[in-house]
Each structure stands twice: as structure tokens, then as C-alpha cells.
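Structure first, then comments.
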Amino acid sequence: MSRIVYVNGAFEPEEEAKVSVFDRGFLFGDAVYEVTAVLDGRLVDFKGHLARLDRSLGEIEIPRPMPDEGLREVHETLIAENQVDEGVVYLQISRGSAERDFAYPPSPLPTVVAFTQTRPLVNTPQAETGVDVITIPDIRWKRRDIKSTSMLAQAMGKQEAKARGAYEAWMVEDGAVTEGTSSSAFIVDAQGVLRTQPLGPQILPGVTRRAILRLAEVDGVSFEERPFSVEEAYGAREAFLTAASAFVLPIVTIDGRAIGTGEPGPIARAFRAHYIAEARAASASTKRVSGGNAE
């Protein structure tokens, strides 16, 4: 069965879906996006993703194309039509189509595209074995807090990680780790303090990152939103990454150097288990959508 996608008000087979060659998302990367996890057929932390979407849209002056209820309906319909139990929903909103000109068109009509990807999120080999990370220079623009589709630097970094046999690349600026190409970066430093880069234009405000800091408070884990260097990462007790499509993944090597014992650490494992349990509990009271029918 062909995957059903959403384009500008229509749900249609992916091979029939079209957007204009003049769409500014295609021509300029003039668009923002969100990726929301699906666990047990339900959206995870959807309100957090909507809040970040609003912020990104506001920062680049794209009008909101539909209210929260409409966006939720799009997501849930795609989950049902594609029978997604675990995976993600990708949403992209561009400024729309206009004659090619760098300046914004005066009355944009945003293009809205969404689709699903089915993939395992809970029982993944990486969660058990941990993952390898490399470090690379951070060559991105200066407004990384906007979840823009302009991600060539991140794609180049991810490709370098793949070529070097790693799962992810951590980007480094002025000696400090900013974040991963598609994830937030954490260490448990030599003193046992959880550390991550503070929010600002240099990083994306990760939805899962925010959840982990909240869980740290709940679990009594000492943490600081404070930059850490590559050398501090090498000497950390633990390291891990967070992302909507990965939850929490332990890191066992950075640039080929074993982190801690070289095995997934207890804090990373605990955060992953707590996050998944909370996500399932939070969504248990919402409807489950499957095969086009709500359960």
C-alpha cells in the first residue's frame, strides 16, 4: 500500500503529491519543520513541538497556516492511514510559492507538507550497545535556534560521521560542543554533574532536551546548563544524546576514545527508561489511532 502524505489540505498517495517548483522552501530553504515521535500509535510531547513550531514561524515571519487542532488532526490522520505504531511524523511549513526573489512576498500562502516514517524507537540496538560519536567544526549559520530546513552543514556532518563509522557528529565552536547534527549533546562530567549547552542562538531548543532536564530535577540529578569542551567530554563519566526520533541514546566513544567504562552508563539508561515510561503514561489517556479508526 502506498504511503499517504499530506500536502496543502489533501491526503494523497506519496507518488501523486506535488509542490510548486517556485516554492520558497525548495528555492531558499525558507521553511521550518518539526519531527514528532509516535509511540504506541500516539504522538509524544506534541504540545512541546507545537510551541517550538510557533517560535520558529514567528522568528522568520511565516504566518501560522492552521490552529493546533488542525495540525493535530493532520498528524493523527497520517498515523491512522499509514498504521504507524512506532515512528515519526515530519511536518514542514514553507513561506509558499512566489516568483523567485530573495525578499519575502507581501502576502504569503504557506505550503504545508507532512508525512510519516515507521521505525523502531524503543527496542533499538543502539540503546543497548550505545553509539559512537565524532567531533567536527560547527560551520552553521548564527540562528540555530530556528528549526529551519536549511541544513546543508548538518547533512555534511552526518555524512562525515557515517563515513567514519559513527552514529552522530558533535559540532564544536570556540572549543565547546554545541550540539549534534540532529540531536542535543549531554555529558555527566568528572564531578558527576549533568552538563549541556545553554539555550541561545547557538543551539536548537530540543523538546527532548527540555524533558530530560525536567526529569533530572525529578530524579535528583545535579545538572548545569553550561558549555563543555571536547576534552571534558573525553574525560566524562558518561555521555548521551537526545532527539525526538531517538529519545535518549548512550554514547560509548567520542573520536574513538572510550567514555567512562566504554559501556552505556547508568544515568543515560535511567533517563531513557524514565522518558519512555512517562511518554507512554502521558499518551495513555489520549485516543490511539490505527488503520483509520480510533481505539
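Just so we're on the same page, the numbering used here is the position in the sequence shown counted from 1, plus 167.
All C-beta atoms, glycine included, are put in the ideal place defined by N, C-alpha and C.
Endpoints, beta strand (DSSP E) assigned at residue i
i: VAL362; result: Checking the sequence, you will find Arg at residue 362 rather than Val. 361–363 is the extent of the beta strand (DSSP E) around ARG362.
i: GLU179; result: 177–180
i: TYR200; result: 198–206
N- and C-terminal bounds of the alpha helix (DSSP H) containing residue i
i: GLY192; result: 191–195
i: GLU327; result: 319–330
i: GLU398; result: 397–401
i: LEU382; result: 374–386
i: PHE438; result: 433–450
Simplified DSSP state of residue i, which is helix, strand or coil
i: GLU228; result: coil
i: ASP299; result: strand
i: GLU477; result: Only positions 168 to 462 of the chain appear in the structure, and residue 477 is not among them; the question remains open.
i: GLY237; result: helix
i: GLY254; result: strand
i: ALA285; result: The sequence given here has Thr at residue 285, not Ala. Here THR285 sits in strand by DSSP.
i: GLU392; result: strand
i: ARG209; result: strand
i: SER315; result: strand
i: GLN293; result: helix
i: SER475; result: Since the displayed the chain opens at 168 and closes at 462, residue 475 lies outside it and no answer follows.
i: ARG267; result: coil
i: ILE370; result: coil
i: GLU430; result: coil
i: ALA184; result: coil
i: SER223; result: helix
i: GLU462; result: Any reading at GLU462 must be qualified, since the residue scores a pLDDT of 37, below 50, and its modelled position is unreliable; no value is offered.
i: SER169; result: coil
i: LYS309; result: coil
i: ALA333; result: coil
Integer Cβ distance of residue i from residue j, believed to fall under 8 angstroms
i: ILE303; j: ALA336; result: 5 angstroms
i: VAL174; j: VAL186; result: 6 angstroms
i: TYR334; j: ALA328; result: 7 angstroms
i: GLY192; j: SER274; result: Actually they do not touch by this definition, with Cβ atoms about 17 angstroms apart.
i: TYR442; j: ALA378; result: 6 angstroms
Sheet register partners of residue i (DSSP bridge)
i: PHE407; result: PHE353, PRO417
i: VAL174; result: ALA177, VAL280
i: GLU340; result: ALA343
i: VAL304; result: First, the residue type needs correcting, since residue 304 is Pro and not Val in the sequence shown. According to DSSP, PRO304 bridges with VAL339.
i: ALA425; result: THR420
i: ILE260; result: VAL199, VAL279
Span separating the alpha-carbon of residue i from that of residue j
i: LEU217; j: ALA281; result: 14 angstroms
i: ASP341; j: PHE438; result: 29 angstroms
i: ASP197; j: SER315; result: 7 angstroms
i: PHE390; j: VAL339; result: 21 angstroms
i: ALA204; j: GLY387; result: 26 angstroms
i: SER450; j: THR285; result: 18 angstroms
i: LEU194; j: THR375; result: 30 angstroms
i: ASN290; j: PHE414; result: 11 angstroms
i: GLY263; j: ALA448; result: 38 angstroms
i: ARG357; j: PHE395; result: Just to set this straight, residue 357 is Ala in the shown sequence, not Arg. Rounded to whole angstroms, ALA357 to PHE395 spans 11 angstroms at the Cα level.
i: LEU366; j: PRO230; result: 25 angstroms
i: THR428; j: ALA440; result: 20 angstroms
i: GLY373; j: SER169; result: 32 angstroms
i: ASP422; j: GLU405; result: 14 angstroms
i: GLU266; j: LEU276; result: 13 angstroms
i: ILE313; j: LYS325; result: 19 angstroms
i: GLU115; j: PRO232; result: Given that the chain is displayed from residue 168 to residue 462, the structure contains no residue 115 and the question cannot be resolved.
i: ILE434; j: PHE269; result: 47 angstroms
i: TYR257; j: ASP190; result: 18 angstroms
i: GLU201; j: SER317; result: 13 angstroms
i: ALA400; j: ASP221; result: 33 angstroms
i: ASP252; j: LEU288; result: 10 angstroms
i: VAL300; j: VAL279; result: 34 angstroms
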